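Working notes, structure below.
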Amino acid sequence: MIYSYNKISHKITGFHRHISYVFEKIFKLDLAIYDEEKLIHPDFKKIVRDSKKRLEEPLKKIVVVYYYLPSSAKIQLKDAFTVNNDIKCLTDNSKYLVPYEALHPAMADILKPFLTSLWDEYPLVKAMETDFGSVKSHYKDLISKSIYGGFICPFCGLEKFDPPEDKHREAYDHYLAKAKYPFISINFDLLFPTCHKCNSKEKKDLDVLYDNKGVKRRAYNPYDEKLTPDSLHISIIKEEPYEKSDLKTLLKRVKWHLEIRRNAKIDQELETWLDVYRLNAKYKFIIKQYETTWFEILEKRFKRALERHEDFETFKKEELKEAKYMITNSTGGILKYSYFKFLLESENIEKRLYQCVRKIS
Numbered sequence: 000m001i002y003s004y005n006k007i008s009h010k011i012t013g014f015h016r017h018i019s020y021v022f023e024k025i026f027k028l029d030l031a032i033y034d035e036e037k038l039i040h041p042d043f044k045k046i047v048r049d050s051k052k053r054l055e056e057p058l059k060k061i062v063v064v065y066y067y068l069p070s071s072a073k074i075q076l077k078d079a080f081t082v083n084n085d086i087k088c089l090t091d092n093s094k095y096l097v098p099y100e101a102l103h104p105a106m107a108d109i110l111k112p113f114l115t116s117l118w119d120e121y122p123l124v125k126a127m128e129t130d131f132g133s134v135k136s137h138y139k140d141l142i143s144k145s146i147y148g149g150f151i152c153p154f155c156g157l158e159k160f161d162p163p164e165d166k167h168r169e170a171y172d173h174y175l176a177k178a179k180y181p182f183i184s185i186n187f188d189l190l191f192p193t194c195h196k197c198n199s200k201e202k203k204d205l206d207v208l209y210d211n212k213g214v215k216r217r218a219y220n221p222y223d224e225k226l227t228p229d230s231l232h233i234s235i236i237k238e239e240p241y242e243k244s245d246l247k248t249l250l251k252r253v254k255w256h257l258e259i260r261r262n263a264k265i266d267q268e269l270e271t272w273l274d275v276y277r278l279n280a281k282y283k284f285i286i287k288q289y290e291t292t293w294f295e296i297l298e299k300r301f302k303r304a305l306e307r308h309e310d311f312e313t314f315k316k317e318e319l320k321e322a323k324y325m326i327t328n329s330t331g332g333i334l335k336y337s338y339f340k341f342l343l344e345s346e347n348i349e350k351r352l353y354q355c356v357r358k359i360s
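Here the sequence shown stands for residues 0 to 360, where the numbers follow numbering that gives the first Met the number 0.
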């Protein structure tokens with residue numbers, strides 16, 4: 000990730016807490032029949048009664064099915080509830096999630112449509128939005144309180160987010176697939192806004208925590224405050240000399256590759272991120288596509304710097320400072336900064352830029 004989200008306090012998380020409360024009571028009491036007084040929190044009773052088809056009736060069936068499950072199936076269900084809701088599963092390979100297919104079929108058949116509908120059909124009744132707010136209001140708070148601006152998708156750095164005041168909002172991605180894992184569909188610890196391309200074209204229903212061979216892997220926790228733009232380094236590494244190449248189209252003419260590291264290292268979380276969103280090839284393509292435009296920007300700015308009698312080191316410092324600021328404030332900013340840094344730190348670049356400026360003068 001380019002940057003992490005700030006964790007916020009929002010009343011919509013109360014919906015997940017109330018649903019969790021119900022299941023905790025089901026597990027603890029193991030009732031033969033549904034009992035509202037024993038299973039439903041007083042603050043949630045009216046909403047459950049008002050949503051008979053989506054809440055009350057499925058819960059009644061779940062209570063009965065659970066009661067008749069064998070002990071081993073009950074233990075598996077409790078494990079799924081605990082493990083799947085633990086955000087530590089993202090960064091700890093010793094924590095294995097429990098999919099629907101591992102549950103007793105009788106429970107999985109009723110649980111999957113019920114839990115999925117909690118998100119797909121939210122708010123189930125008007126009182127639910129009154130008590131817990133809307134996803135739009137959560138989006139507004141999350142984006143507005145981002146210390147990095149929040150208008151550029153943190154999963155790719157390439158697409159803009161709808162502003163909080165806009166009529167629409169970005170889609171929320173279930174970081175862990177809600178169709179595969181029970182109990183996570185309304186857990187906002189595992190729900191994050193992502194741009195349309197990351198959500199619908201790249202990640203889709205991909206299982207973040209397992210590679211294409213089914214091996215468990217770690218992934219970034221999007222609330223990890225250590226995920227900052229400063230800790231991410233995308234470097235352009237040349238593989239051959241380029242003294243005779245045109246600087247405007249340099250990267251189209253010579254061999255090079257990207258080296259992407261976080262805190263100067265390549266860890267499993269980084270590799271998962273790059274794999275899930277297919278960023279290596281995408282980043283390289285975009286750099287090639289925009290290199291001429293970015294070079295011409297630098298060329299014109301260097302010309303103005305010369306007219307101001309500004310020394311090269313000052314020019315370089317200011318250009319990199321501005322480009323760095325734009326990482327979280329402009330689409331593709333992370334790649335523009337990487338290109339500027341590559342070019343401005345290239346050998347003999349001051350002399351070569353000066354020669355280019357003389358040609359256009």
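Where a beta carbon is used, it is the ideal one built from N, C-alpha and C, also for glycine.
These figures come from a predicted structure and were not determined experimentally.
Would you identify the three-state DSSP class for residue i, choosing helix, strand or coil?
i, result
"L257", "strand"
"P104", "helix"
"H195", "helix"
"I235", "strand"
"H40", "coil"
"L190", "strand"
"Y174", "coil"
"K159", "strand"
"K335", "helix"
"K264", "strand"
"D85", "coil"
"Y324", "helix"
"N220", "coil"
"E309", "coil"
"A79", "helix"
"V63", "helix"
"S19", "helix"
Less than 6 angstroms between C-beta atoms, sequence neighbours within five positions excluded: which residues of the same chain meet that for residue i?
i, result
"G156", "I1 and I333"
"H167", "D161"
"K60", "I109"
"I326", "P228, G332, I333 and Y336"
"F43", "H17"
"F14", "F131 and I185"
"L89", "A218 and N220"
"F341", "I235"
"Y33", "K59 and V62"
"G148", "T327 and N328"
Does the beta carbon of residue i fall short of 7 angstroms from some heavy atom of the ligand SAM?
i, result
"I25", "Looking for the ligand SAM in the displayed structure turns up nothing, as the structure carries no ligands at all."
Does the Cβ-Cβ distance between residue i and residue j come in under 8 angstroms?
i, j, result
"P163", "L102", "no"
"A178", "T115", "yes"
"E258", "Y219", "no"
"F131", "I233", "no"
"E318", "R300", "yes"
"K144", "I151", "no"
"I25", "Y65", "yes"
"I235", "Y338", "yes"
"S3", "E224", "yes"
"E120", "R53", "yes"
"A126", "K212", "no"
"R261", "L231", "yes"
"E298", "L352", "yes"
"K251", "K287", "yes"
From the DSSP output, read off the bridge partner residues of residue i.
i, result
"Y209", "K215"
"K52", "Per DSSP, none; premise fails for K52."
"I151", "K159"
Counting only the same chain and skipping the five closest in sequence on each side, list residues whose C-beta sits under 8 angstroms from that of residue i.
i, result
"Q75", "V97, A101, L102 and H103"
"V275", "E201, K202, L205, V207 and A218"
"K215", "N92, Y95, L208 and Y209"
"N279", "L257, I259 and L273"
"E321", "none"
"H195", "E158, E169 and A170"
"I86", "D188, L189, N220 and Y222"
"I285", "L157, G331 and L334"
So, at 7 angstroms on beta carbons, what are the nonlocal neighbours of residue i in its own chain, with the 5 sequence-adjacent residues on each side left out?
i, result
"A176", "D204 and D206"
"Y171", "V134, L190, F191 and P192"
"F314", "F301 and A304"
(message) As an exercise, report each continuous beta strand (DSSP E) stretch of at least 3 residues that is fully enclosed by the stretch 106–147, in chain order.
(response) Listed in chain order, nothing qualifies, since the stretch 106–147 has no complete beta strand (DSSP E) run of 3 or more residues.
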